[in-house]
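Notes to accompany the following structure.
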Amino acid sequence: MKCVLSKNNVVLGRIISPYGVQGWVKVRSYTEKIEGLMNYQPLWVDKDGLRPLKLDDWQLHSGGLIAHIEGVNNRDTASFWCKRNIFFEKDMLPMPDIDEYYWHDLIGSRIKNFFAGRDSDLGVVTSVLATGSNDVLLVSGDLESVDSRERLIPFIKDYVSKVNQSRGYIQVSWDPDF
4 MKCVLSKNNV VLGRIISPYG VQGWVKVRSY TEKIEGLMNY QPLWVDKDGL RPLKLDDWQL
64 HSGGLIAHIE GVNNRDTASF WCKRNIFFEK DMLPMPDIDE YYWHDLIGSR IKNFFAGRDS
124 DLGVVTSVLA TGSNDVLLVS GDLESVDSRE RLIPFIKDYV SKVNQSRGYI QVSWDPDF
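Using my numbering, read the sequence shown as starting at 4 and increasing by one per residue.
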């Protein structure tokens, strides 16, 4: 069974490398808790189009996650699955609480800025970084923004006043010279 990668798919992790000789792999999880990846089904992997990925066992190991791919029983076959993203269908994700957002919903949003009585456009969110204390928006300037700089804007109420997902923008109060 194979399906096409679409905007409805979200990356939840990545298969990094083989682990051992019995079909286990190291997995980088992008979920809030490392083991959270294992709570999502069905998973898909980009292997000549999206194909089902069944992880039949897993363990936390040395601060990371290792998993066994169903039907894979040796290192060579496990290697074939490596360096590939793990996907899940967005529609299957639970609705976030009010004032909580999935990172993939923030990426691509325009940053509308109101600072010192002036409106400006700072660019587009290209990534979200976890810093431990709070998330940070990586904003890249483009042709519509005040300049082409990259900015790191903490995703906290002190700076972010509104997220309008339906219109694709985030309202901030941020010194554009910073």
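Glycine residues also receive a C-beta, built at the ideal position from the N, C-alpha and C atoms.
- Residue 144 sits away from residue 132, with the two beta carbons spaced by 8 Å or more.
- Nearest to residue 48 by alpha-carbon distance, out of 114, 141, 176, 85, is 85.
- Cβ contact annotation for residue 62 (same chain, cutoff 6 Å, sequence separation greater than five): 69, in chain order.
- The three-state reading of DSSP puts residue 42 in helix, counting H, G and I together.
- Residue state for residue 37 is assigned as helix, using DSSP reduced to three classes.
- In the three-state reduction of the DSSP assignment, residue 133 falls in the strand class.
- In the three-state scheme derived from DSSP, where H, G and I count as helix and E and B as strand, residue 27 is classed as strand.
- The bridge partners DSSP lists for residue 107 come to none.
- Assigned with DSSP and collapsed to three states, residue 65 falls in coil, not helix or strand.
- Here the C-alpha atom of residue 167 lies approximately 22 Å from the C-alpha atom of residue 153.
- Cβ contact annotation for residue 29 (same chain, cutoff 7 Å, sequence separation greater than five): 19, 20, 22, 67, 69, in chain order.
- Distance from the CA of residue 17 to the CA of residue 113, rounded to the nearest whole angstrom, comes to 27 Å.
- Under DSSP, the beta-bridge partners assigned to residue 48 are 54, 89.
- Between residue 104 and residue 96, the gap from beta carbon to beta carbon reaches 8 Å or more.
- Counting the other CB atoms within 10 Å of its CB gives residue 32 a total of 16 or more, which places it among the buried residues.
- Sorting 77, 117, 46 by C-alpha distance to the C-alpha of residue 87 places 46 at the top.
- Membership of residue 82 in the alpha helix (DSSP H) is indicated by the continuous run 78 to 83.
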